[in-house]
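Start counting the sequence shown at 52; every next residue gets the next number (this note's numbering).
Glycine residues also receive a C-beta, built at the ideal position from the N, C-alpha and C atoms.
Quantities reported herein were computed from a predicted structural model and do not represent experimental measurements.
The structure under discussion appears below in the form of C-alpha cells.
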Amino acid sequence: MEFSQYQTDALLSITNRPPLVFTEGHGMWLTDHAGKRYLDYLQGWAVNCLGHSPQCIQDALAAQAKKLINPSPAFYNAPSIELASLLVRHSCFDRVFFASSGAEANEGAIKLARKWGKKNKNSSGGDRYEIITFDHSFHGRTLATMSASGKPGWDTIFAPQVPGFPKAVLNDLDSVEKLITDKTVAVMLEPVQGEGGVIPATREFMQSLRAFTKQRGLLLIVDEVQTGMGRTGKLFGYQLSDIVPDIMTLGKGIGGGVPLAAMLCREEIACFEPGDQGGTYNGNPLMTAVGVAVTNELLQPGFLQSVQDKGAYLSAELLKLASRHGLQGERGEGLLRALKLSSDIGPKIVETARDMSPVGLLLNSPRPDLLRFMPALTVTTQEIDQMISMLSDVLKKLGQ
Ligand SMILES: *Cc1c(COP(=O)(O)O)cnc(C)c1O
C-alpha cells in the first residue's frame with residue numbers, strides 16, 4: 052500500500068510524524084507499510100522491554116481475553132492480585148495501585164502524598180502539600196504531572212499550573228533544602244532523568260536525599276516509569292543506590308507495550324480511603340495478566356544480569372564510536388543510555404538513520420546534542436553491533 056492511500060487527516064495532529072505506517076513488529080525489528088524493515092532502538096519509548104510482540108505477551112493476552120477482560124475495579128480479579136503480590140515480594144513496598152499510564156500513576160502518587168500531608172500536619176497545624184521536583188524532570192502530560200515536570204516552557208503553555216511543585220537542581224542537596232517550607236510534604240524524582248537526556252541521579256545524592264527527607268519527615272517518591280522493570284539492570288532503579296523510598300511509580304516496561312502502570316507505597320503511607328482514588332480500567336485482568344507475564348520473564352534467573360552485561364557492552368561500543376567520530380562521550384544506566392554529540396545534529400541523525408536503505412534505524416534525540424538508546428532488554432550483542440555500524444555510517448554521511 053502507498054502512504055498516500057492512508058487517510059491520516061482524520062487524526063488530530065499532535066506531533067510531526069514521518070510518512071510511515073508501521074504494520075508489524077518482532078523483537079528489535081519493525082516493518083512499515085512498504086515492507087521496509089527498521090532496527091528499533093526506541094521500542095515505543097522504552098515500553099517494549101521484551102521487544103515487539105513477544106510470545107509471552109501474545110499468550111497472556113489470548114488466554115486472559117478468553118476468560119475475563121474487565122469485571123470492574125469494584126471487584127477483585129486474580130491477575131491483579133497476582134501481579135501486586137509479585138511486585139510487593141520483589142520490592143520494598145507493601146501496597147500497589149494499578150493505573151493505565153505513567154502520568155496517571157504519578158497523579159496517584161501526588162494525591163497520596165497530599166493526603167498523607169493532611170494527616171501528618173506541620174507544627175502550626177497546617178496541611179502539607181508541596182512536592183519538590185527537579186529541573187528537566189519529566190512526570191507526564193496531565194495538568195498536575197506537567198506542573199511537576201521541570202521541562203522548559205511547560206510552566207506556561209497550559210497556564211495556570213497546578214501549584215505546589217517547586218523545582219530543585221538534580222544532584223544538589225542544598226537546592227532541595229532551600230525550597231523546604233512548612234508546607235513541604237515530599238520530594239519526587241526519577242533515579243535517571245529519561246526525557247531530560249538520560250541524566251542519572253548519583254548514588255551519593257540518592258542516599259543523602261533519603262537521609263535528609265527522613266530526618267525532615269518528608270516522603271521520598273521515585274518516578275520509575277522509565278527506570279523501573281529491569282531497564283537499569285536492577286529490577287528497580289532505586290536499588291542501584293540501596294535506598295528505601297516511600298512511594299514508587301511504574302509504567303512503560305511493566306506492560307511490555309500494553310497500557311499498564313502502577314503506584315506502590317509502604318504500609319505506613321497507605322492512607323487512601325474509599326472514594327479517594329480509582330479509575331475505570333485500573334487493574335483490569337487483561338492488562339495485569341500481561342504484567343504478570345512480563346514480570347515473570349524479568350525474574351528469570353540471569354535475566355537482569357544479562358541486562359547489566361549488554362548495558363556495559365552498549366556503553367563500551369558507544370564510547371569507541373564517540374572516540375572514532377570525535378563525539379563527547381556517553382552516559383546512562385543499564386540499557387538506558389545516551390550518546391553526547393559535539394553539535395546539535397541529533398534530529399538530522401534521527402532522520403538520516405530512519406531513511407537509510409535497505410534497512411532503517413530508529414533512534415531518539417531528546418535534546419539536539421544527544422541521542423538516547425532504549426532497546427528491548429532482550430537485545431542481542433549482534434543487534435548492538437549492527438546499530439553501531441549503521442550509526443557510524445550515518446555520522447560519516449553527515450561529515451562527522
Ligand atoms: C514516560 C514517562 C512518564 C509518563 O508516562 P505515560 O505513560 O506517557 O503517561 C512519567 N514519568 C517518566 C519518568 C516517564 O519516562
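| request: Kindly indicate which residue of M407, N333 and G362 has the alpha-carbon position closest to the one of N121. | output: Indexing the sequence shown from 1 puts residue 121 at position 70. Among M407, N333 and G362, the Cα nearest to that of N121 is on N333.
| query | Quick one: any contact between the stretch 359-366 and the stretch 149-157, if contact means 3 or more CB pairs under 8 angstroms? | reply | no
| request: Give a yes or no on contact between the stretch 341-352 and the stretch 105-122, applying the rule of three or more CB pairs nearer than 8 angstroms. | output: yes
| Anyone know if the C-beta pair for L101 and Y89 falls short of 8 angstroms? | The residue you call residue 101 lines up with position 50 of the sequence shown. The residue you call residue 89 lines up with position 38 of the sequence shown. Contact flag unset, no.
| If we count Cβ pairs, one from each stretch, closer than 8 angstroms, do we get three or more for the stretch 299-307 versus the stretch 389-404? | no
| query | When you compare only the Cα positions, how much space is there between K162 and D293? | reply | Against the sequence shown, residue 162 aligns to sequence position 111. Against the sequence shown, residue 293 aligns to sequence position 242. Looking at the two C-alpha atoms, the distance is approximately 26 angstroms.
| Are the beta-carbon atoms of V238 and I298 separated by less than 8 angstroms? | Here the question's residue 238 lines up with position 187 in the sequence shown. Here the question's residue 298 lines up with position 247 in the sequence shown. Against a cut-off of 8 angstroms, the Cβ pair of I298 and V238 comes out as no contact.
| request: Give the straight-line distance between the Cα atoms of G245 and G177, rounded to the nearest whole angstrom. | output: Taking the first residue of the sequence shown as 1, we reach residue 245 at position 194. Taking the first residue of the sequence shown as 1, we reach residue 177 at position 126. The alpha-carbon separation between G245 and G177 amounts to approximately 35 angstroms.
| query | Is it right to say T431 is buried, meaning 16 or more other beta carbons lie within 10 angstroms of its own, or is it exposed? | reply | Against the sequence shown, residue 431 aligns to sequence position 380. T431 is exposed by the Cβ-count criterion.
| Is F189 near ligand 1, with its Cβ less than 7 angstroms from a heavy atom? | Taking the sequence shown and counting its residues from 1, one reaches residue 189 at position 138. Yes; taking the cut-off as 7 angstroms, the Cβ of F189 has a heavy atom of ligand 1 nearer than that.
| task | Classify V276 as helix, strand or coil using the three-state DSSP reduction. | result | Along the sequence shown, one-based indexing puts residue 276 at 225. Coil at V276, not helix or strand.
| Run through DSSP, which three-state label would N157 get? | Here residue 157 corresponds to residue number 106 of the sequence shown, with the count starting at 1. The answer is helix: DSSP assigns N157 an H, G or I state.
| W80 lies in the beta strand (DSSP E); which residues open and close that run? | Residue mapping note: residue 80 aligns to position 29 of the sequence shown, counting from 1. Note, W80: beta strand (DSSP E), W80 to D83.
| Counting pairs of Cβ atoms below 8 angstroms between the stretch 410-427 and the stretch 379-392, do you hit three or more? | yes
| request: Flag N157 as yes when its Cβ comes closer than 7 angstroms to any non-hydrogen atom of ligand 1, and as no otherwise. | output: The residue given as residue 157 occupies position 106 in the sequence shown. Within the cutoff, so yes.
| Identity of the residues DSSP links to A312 by a beta bridge | The count along the sequence shown starts at 1 and reaches residue 312 at position 261. Answer is A150.
| query | Under the criterion of a Cβ to heavy atom distance below 7 angstroms, does G248 qualify as lining ligand 1? | reply | Locating residue 248 in the sequence shown gives position 197, counting from the first residue. The beta carbon of G248 sits no closer than 7 angstroms to any heavy atom of ligand 1.
| query | Cβ-heavy atom distance between K166 and ligand 1 below 7 angstroms? | reply | The residue labelled residue 166 in the question sits at position 115 within the sequence shown. No, the beta carbon of K166 sits no closer than 7 angstroms to any heavy atom of ligand 1.
| In three-state DSSP terms, what is V72? | Indexing the sequence shown from 1 puts residue 72 at position 21. Residue state, collapsed to three classes: coil.
| query | So what's L392 in DSSP terms, helix, strand or just coil? | reply | Translated into positions along the sequence shown, residue 392 becomes position 341. In the structure shown, L392 sits in coil (DSSP, three-state: anything other than H, G, I, E or B).
| In its own chain, which residues sit with a C-beta less than 7 angstroms from the C-beta of Q115, not counting the 5 before and 5 after it? | In the sequence shown, counting from the first residue as 1, residue 115 sits at position 64. P130, P336, L337 and A340, listed in sequence order.
| According to the neighbour-count rule (16 or more other Cβ atoms, all chains shown, within 10 Å of its Cβ), is R267 buried or exposed? | For this step, residue 267 is matched to residue 216 along the sequence shown. So R267 counts as exposed.
| task | Look at L387 and T283 and say whether their C-beta atoms are less than 8 angstroms apart. | result | The count along the sequence shown starts at 1 and reaches residue 387 at position 336. The count along the sequence shown starts at 1 and reaches residue 283 at position 232. Yes, Cβ-Cβ distance for L387 and T283 is below 8 angstroms.
| request: Please go through the same chain and pick out, in chain order, the residues whose beta-carbon is closer than 7 angstroms to the beta-carbon of E181, but skip the five residues on each side of it. | output: Here residue 181 is taken as the residue at index 130 of the sequence shown, counted from 1. So the qualifying residues of the chain are G215, P217, T232, K234, T235 and V236.
| request: Please report the residue range of the beta strand (DSSP E) in which F189 lies. | output: Locating residue 189 in the sequence shown gives position 138, counting from the first residue. Taken as a continuous stretch (DSSP letters only), F189 belongs to no beta strand (DSSP E), as it is neither H nor E.
| query | The beta strand (DSSP E) spanning F424 covers which residue range? | reply | Along the sequence shown, one-based indexing puts residue 424 at 373. Element bounds for F424: L421 to F424.
| said: Are the CB atoms of M314 and A150 within a distance shorter than 8 angstroms? | reply: Reading the sequence shown from its first residue, position 99 is the one you call residue 150. Reading the sequence shown from its first residue, position 263 is the one you call residue 314. Contact flag set, yes.
| said: I need the DSSP call for Y364, collapsed to helix, strand or coil. | reply: Within the sequence shown, residue 364 is the residue found at index 313, counting from 1. Helix at Y364.
| said: Using DSSP's beta-bridge definition, name the partner residues of K218. | reply: For the purposes of this step, residue 218 is taken as residue 167 along the sequence shown, with counting starting at 1. Per DSSP, T184.
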